[in-house]
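So the protein lines, in turn, are chains A and B.
Its first residue numbered 1, the first sequence is counted upward by one per residue in this note's numbering.
Its first residue numbered 131, the second sequence is counted upward by one per residue in this note's numbering.
There are 2 protein chains.
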Amino acid sequence: METTSTSADDCGDLYLAECPCRDILDLVASKWSTLIIGVLEEEPHRFGQLRRAIPGITQKMLTQTLRRLEQDGLVHREVLVEMRPPQVEYSLTALGESITEPLAAIRDWSEQHLPHVREAREAFEARQPA
Amino acid sequence: METTSTSADDCGDLYLAECPCRDILDLVASKWSTLIIGVLEEEPHRFGQLRRAIPGITQKMLTQTLRRLEQDGLVHREVLVEMRPPQVEYSLTALGESITEPLAAIRDWSEQHLPHVREAREAFEARQPA
DNA sequence: CTGTATCCCCCTGGATACTG
DNA sequence: CAGTATCCAGGGGGATACAG
């Protein structure tokens with residue numbers, strides 16, 4: 001593994017199949033991760049608040065995705081009250097905050113180019129009658 | 131996540147569930163899309179060349195992913211020879227080239243922060259004995 | 001309120017065989 | 001060479017019930 005060159009086999013060359021960025025893409029790719037990060041980017045949320053902030057999500061997926069984000073060091077989980085009813089607050093770590101920028105890059109690209117993608121899709125359908 | 135001027139609900143507010151960037155994330159997220167884009171970023175490739183350039187991919191996924199990228203206007207498909215054996219060349223469109231930058235942002239983040247993610251994972255495992 | 005456990009469906013994606 | 005068609009296993013993720 002190279003130290004400084006940022007070249008060759010870490011992601012640039014043809015052999016990107018096991019490239020580390022796949023790890024991150026898988027993370028970011030998951031439907032809910034980005035939504036959760038997007039919500040936490042604004043301010044810390046408790047479990048129920050997150051649930052309400054993200055309409056379609058199930059408890060299972062919320063827990064599951066939060067665990068993964070926590071495990072990967074992007075989200076911090078803090079138990080506010082040990083008693084019943086429990087209160088748990090989730091917030092972005094510094095690492096988590098840092099990924100919002102690349103995410104924003106994708107979002108910006110989407111906003112900017114989605115119309116073109118839509119056009120392309122229509123043009124494609126026009127060419128390929130279903 | 132700012133709600134700047136672009137109408138609130140396209141990606142800015144809490145209601146990002148059906149945000150257009152999900153479309154793009156899904157696209158970009160798919161395991162093979164980024165690999166194919168990464169390869170085509172260097173130079174146009176024919177079908178078989180792509181197949182060889184991306185070790186683990188099956189014909190099915192290559193075709194399928196290429197179709198989608200073509201449909202979304204990111205990849206251009208050109209039939210070089212109508213006869214047998216057929217020759218088809220794939221290349222990035224201008225739109226496709228433009229997405230390589232946000233992709234690079236993610237890749238850069240990965241290279242920069244993956245060690246931290248790894249640390250976080252180990253620390254997490256240490257805390258949560260399986 | 002914040003989870004865990006279970007069931008189960010469906011879709012992704014792999015393997016394989018066949019066609020123009 | 002560049003695909004299409006078919007079969008099928010595995011896992012993601014939804015719905016629901018239950019626990020601390």
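Every residue, glycine too, gets a C-beta built ideally from N, C-alpha and C.
Just checking my contact of residue i with residue j at CB under 8 Å: how many whole Å lie between their CB atoms?
{"i": "L152 of chain A", "j": "I54 of chain A", "result": "Any question about residue 152 of chain A goes unanswered here, given that chain A covers just 1 to 130."}
{"i": "V39 of chain A", "j": "L103 of chain A", "result": "Not confirmed; about 12 Å, so no contact."}
{"i": "V218 of chain B", "j": "D72 of chain A", "result": "Not really, about 39 Å apart at Cβ, beyond 8 Å."}
Can you give the Cα-Cα distance for residue i and residue j, rounded to whole angstroms?
{"i": "T188 of chain B", "j": "E78 of chain A", "result": "44 Å"}
{"i": "V75 of chain A", "j": "R176 of chain B", "result": "42 Å"}
{"i": "R132 of chain A", "j": "L69 of chain A", "result": "There is no way to answer for residue 132 of chain A, as the model of chain A reaches only from 1 to 130."}
{"i": "M191 of chain B", "j": "E255 of chain B", "result": "34 Å"}
{"i": "E227 of chain B", "j": "M213 of chain B", "result": "30 Å"}
{"i": "T93 of chain A", "j": "T100 of chain A", "result": "11 Å"}
{"i": "S5 of chain A", "j": "S221 of chain B", "result": "Note that S5 of chain A scores 37 on pLDDT, short of 50, meaning its location in the model is unreliable; the coordinates nonetheless yield the value given after this. The alpha-carbon atoms of S5 of chain A and S221 of chain B are separated by roughly 27 Å."}
{"i": "R107 of chain A", "j": "E249 of chain B", "result": "28 Å"}
{"i": "T193 of chain B", "j": "Q49 of chain A", "result": "42 Å"}
{"i": "D23 of chain A", "j": "L210 of chain B", "result": "36 Å"}
{"i": "T195 of chain B", "j": "P115 of chain A", "result": "21 Å"}
{"i": "Q112 of chain A", "j": "R121 of chain A", "result": "16 Å"}
{"i": "E43 of chain A", "j": "P85 of chain A", "result": "22 Å"}
{"i": "S240 of chain B", "j": "I37 of chain A", "result": "16 Å"}
{"i": "A235 of chain B", "j": "L95 of chain A", "result": "15 Å"}
{"i": "S160 of chain B", "j": "R257 of chain B", "result": "32 Å"}
{"i": "R197 of chain B", "j": "S163 of chain B", "result": "11 Å"}
{"i": "E41 of chain A", "j": "E171 of chain B", "result": "32 Å"}
{"i": "A123 of chain A", "j": "A253 of chain B", "result": "50 Å"}
What three-state label does DSSP hand residue i in the structure shown?
{"i": "Q194 of chain B", "result": "helix"}
{"i": "L92 of chain A", "result": "strand"}
{"i": "A256 of chain B", "result": "helix"}
{"i": "G168 of chain B", "result": "helix"}
{"i": "T134 of chain B", "result": "With a pLDDT of only 35 at T134 of chain B, under 50, the local geometry of the prediction cannot be trusted, and the value read off the model is given with reservation. Note: T134 of chain B maps to coil in three-state DSSP."}
{"i": "P102 of chain A", "result": "helix"}
{"i": "I154 of chain B", "result": "helix"}
Tell me residue i's beta-bridge partners as DSSP assigns them.
{"i": "Q87 of chain A", "result": "A:V81"}
{"i": "H243 of chain B", "result": "According to DSSP, H243 of chain B bridges with nothing at all."}
{"i": "V75 of chain A", "result": "A:L92"}
{"i": "R46 of chain A", "result": "A:E89"}
Residues of the stretch 102-116 of chain A whose Cβ lies closer than 9 Å to any Cβ of chain B, in chain order: P102, L103, A104, A105, I106, R107, D108, W109, S110, E111, Q112, H113, L114 and H116
Under 8 Å (Cβ pairs) to chain B, residues found in the stretch 38-61 of chain A: G38, V39, E41, E42, A53, I54, P55 and G56
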